[in-house]
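Below: one structure, written as C-alpha cells.
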Amino acid sequence: MKVAIVGASGAVGQEFLRVLDERNFPIDELVLFGSHRSAGRKYTFRGKEIEVKLLQHNDDFKGVDIAFTSAGAGTSKEFAETITKYGAVMIDNSSAFRMDADIPLVVPEVNPDDALNRPRGIIANPNCTTIQMVVALKAIENLTHIKRVHVSTYQAASGAGAAAMDELYEQYRQVLNNEPVKVEKFAYQLAFNLIPQIDVFTDNGYTKEEMKMYNETRKIMHSDVKVSATCVRVPALRSHSESIWIETERPVSVEEARKAFAEGEGLVLMDNPEKKEYPMPLFLAGKDPVYVGRIRKDLSNENGLTFWIVGDQIKKGAALNAVQIAEYLIKVGNIK
Ligand SMILES: NC(=O)c1ccc[n+]([C@@H]2O[C@H](COP(=O)([O-])OP(=O)(O)OC[C@H]3O[C@@H](n4cnc5c(N)ncnc54)[C@H](OP(=O)(O)O)[C@@H]3O)[C@@H](O)[C@H]2O)c1
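Numbered per our numbering, the sequence shown finishes at 1090, counting up by one with no gaps.
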C-alpha cells in the first residue's frame, strides 16, 4: 500500500503519522507533501526519515493508493484532480467537498458503506465537531429517531491548526509577563477568554461552523434531524467538548441512554456524578473514543435528553476518522 499525506507538517498531518503507526496501518511506502514552507523538512515514520515533497501538478500521485489530505479547502480543490487522476482514493479533511452530492461524507461508526460509492475518487471526512456528535447520536438513533438537536460546542484552540495552538500558549505567557498580547489566528485574545464565533457568519446569523453541524449531520445520518448549534472557541488546547440536547420521537430514559452509550461503537460512558466522573478535555487529549457523561432528562421537554461529550478533534475529529475509513475500505476489499 502506497500512502500519501498532504499537509504533513500541520496539526492533522502530524496526527496522521502517529495514528497510522499506532494502528499498524499496512504501508509499503509513505510520501509526504506540503507547501514551500515545509518542503524539504524531514519527519520520522517507523524509524525512517521521509522528506516532505512540494505539492505540485505533476505525476507524484501515480501509484498512490490512498491520499490523506489535510491542507485546507483551497488546496484540496486545486489538487483533487492531480491527486486522484491515477486512481488514488483521496480522503479529505477539509470542507471543500463535504456537501457535494457525489462525494460521500463518512463516519465509520455511522455510515461506512457510503464510502463505497465515490464517483470522483474522493471521500470527505466531516467537520470535527460533527464527527464526535454523530458518533454519540447514532447510539440513540438506534433506539428511536432523533428529531432535533440543540448543541453548544466548546472548541479547543488546536481546532484552528498548529499555529493557533502555539498562539494560545504564547498569549498565556504574554499575559502572565505583562507583555502586549499578539492576536493573529483568532479574532480576539483567546487566553482567559471565550470567543462565540468559529468561521465566518452566514446570512441567517449562524456561523459556517454552526451550519456545517446542521448540514453534515443530516447527510451522514441520512436523517431529517434539525441541528441548532452555537460554536464557541475556548482556551483549551486540544479536544472539543459539546453540550447536547436532543428531542426523540419517543421518550428515552436515562438508564436506556446510558446502556446505549455504553454499548455504542466508538463511545465510552463516563458518567458517575457522585464520584465527580465526567469527560473533560484536559484529560482526554490523544484518546480515540468519544466520551459521554452528564446524562439527564431534559427538564423542559418530556422527549428530551441532555448530555455532554468530549472527543479529541485532531484524532477522532480528523486523522483517526480518515484512517478508519481507509481501514474499512481494506476490510471489505474495496481497495487493493
Ligand atoms: N485542527 C483540527 O482539529 C482539524 C480537525 C478537522 C479538520 N481539520 C482540517 O484539516 C485541514 C488542516 O488543518 P490543520 O489544523 O492541520 O492546519 P495546520 O496545522 O495549519 O496545517 C496546514 C497544513 O496544510 C499545508 N498546506 C497549506 N497550504 C498548502 C499548499 N498550497 N500545498 C501543500 N500543503 C499546504 C501546510 O503545509 P506547510 O507547512 O508546508 O504550509 C500544513 O501542513 C484543514 O482543512 C482543517 O479545516 C482540522
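Glycine included, every Cβ here is placed at the ideal spot set by N, Cα and C.
Check, Outcome
"Which runs of the beta strand (DSSP E) at least 3 residues long sit entirely within the region 1029-1071? Give them in chain order.", "1044-1051 and 1058-1065"
"Just list the alpha helix (DSSP H) runs in the region 889-930, keeping only unbroken ones of 4 residues or longer that don't cross its boundaries, in chain order.", "916-930"
"Is proline 765 near ligand 1, judged by its Cβ being under 6 Å from some heavy atom?", "Inspection of the sequence shows that residue 765 is occupied by alanine rather than by proline. Alanine 765: yes, Cβ under 6 Å from ligand 1."
"By how many angstroms is the C-alpha of asparagine 865 removed from the C-alpha of leucine 1023?", "22 Å"
"Inspect the CB distances between the region 856-863 and the region 878-890 and report whether three or more fall short of 8 Å.", "yes"
"Can you name the start and end residues of the alpha helix (DSSP H) that isoleucine 952 belongs to?", "It is not in any alpha helix (DSSP H) - isoleucine 952 carries neither H nor E in the DSSP assignment."
"Looking at isoleucine 876 and ligand 1, is the gap between the Cβ and the nearest heavy atom below 6 Å?", "no"
"For lysine 936, which of helix, strand or coil comes out of DSSP?", "coil"
"Less than 6 Å between C-beta atoms, sequence neighbours within five positions excluded: which residues of the same chain meet that for proline 1033?", "Met1024, Tyr1045, Gly1047 and Val1064"
"Can you determine whether any heavy atom of ligand 1 sits closer than 6 Å to the C-beta of asparagine 812, and answer yes or no?", "no"
"With C-beta atoms as the reference, is leucine 1083 less than 7 Å away from valine 1006?", "no"
"Quick one: what's isoleucine 804 bridged to in DSSP?", "Tyr797"
"For glycine 761, is the classification buried or exposed, using 16 other Cβ atoms within 10 angstroms of its Cβ as the cut-off for buried?", "buried"
"Can you check DSSP and say which residues form a bridge with histidine 790?", "Histidine 790 pairs with nothing; no bridge assigned."
"In this structure, how does DSSP classify asparagine 969 when only helix, strand and coil are distinguished?", "helix"
"Hey, which unbroken runs of the alpha helix (DSSP H) at 4 residues or more fall wholly within the region 961-1025?", "962-975 and 1008-1017"
"CB of threonine 829 to nearest heavy atom of ligand 1: below 6 Å?", "yes"
"For glycine 1018, which residues in the same chain have their Cβ closer than 6 Å to its Cβ, ignoring the five residues on either side in sequence?", "Ala893"
"Does chain B have any CB closer than 7 Å to the CB of leucine 1074?", "Annotation note: the requested chain B is absent from the structure, which comprises a single protein chain."
"So, with DSSP's three-state summary, where would you put leucine 870?", "helix"
"Looking only at its chain, what residues have a beta carbon closer than 8 Å to the beta carbon of phenylalanine 815, apart from the 5 residues adjacent to it on each side?", "Ala758, Ala821, Thr836, Ile837, Thr838, Lys839, Tyr840 and Ala842"
"Could you tell me the alpha carbon to alpha carbon distance between leucine 944 and threonine 984, rounded to whole angstroms?", "17 Å"
"In the DSSP output, what is threonine 823 paired with across the bridge?", "Val760 and Asp846"
"Answer yes or no: the CB of leucine 948 versus the heavy atoms of ligand 3, is any distance below 6 Å?", "For the structure depicted, ligand 3 is absent and the ligand set comprises only ligand 1."
"Just to check my reading of the structure: isoleucine 952 and glutamate 769 have Cβ atoms closer than 8 Å, yes? What is that Cβ distance to the nearest angstrom?", "Wrong, their Cβ atoms sit about 20 Å apart, outside the cutoff."
"Is there at least one non-hydrogen atom of ligand 1 closer than 6 Å to the beta-carbon of serine 995?", "no"
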